[in-house]
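All remarks here apply to the structure that follows.
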Amino acid sequence: MKELNRILAMMHLKATTQVNGIRLAVGSTIGEIEDV
């Protein structure tokens, strides 16, 4: 989890929109996994 947070922080420096997109992608992936 710390690695994920660090990656998100690094990407946040590049572009906040990219981070939001990744969070949405990760969120939907987790949602799909939970549905299974």
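Under the working numbering, the first residue of the sequence shown is numbered 1454, with each subsequent residue one higher.
C-beta: ideal position from N, C-alpha, C; glycine also.
Query raised in the report: In its own chain, which residues sit with a C-beta less than 7 Å from the C-beta of Thr1469, not counting the 5 before and 5 after it?
Result: As a position in the sequence shown, residue 1469 is number 16, starting the count at 1. None.
Requested in this report: Please check the pair Met1463 and Gln1471, which I expect to be a contact at CB under 8 Å, by giving their CB distance rounded to whole angstroms.
Outcome: Walking along the sequence shown from the start, residue 1463 turns up at place 10. Walking along the sequence shown from the start, residue 1471 turns up at place 18. Not really, about 10 Å apart at Cβ, beyond 8 Å.
Query raised in the report: From what residue to what residue does the alpha helix (DSSP H) around Met1463 run?
Result: The sequence position of residue 1463 within the sequence shown is 10, counting from 1. Here the alpha helix (DSSP H) through Met1463 covers Lys1455 to Lys1467.
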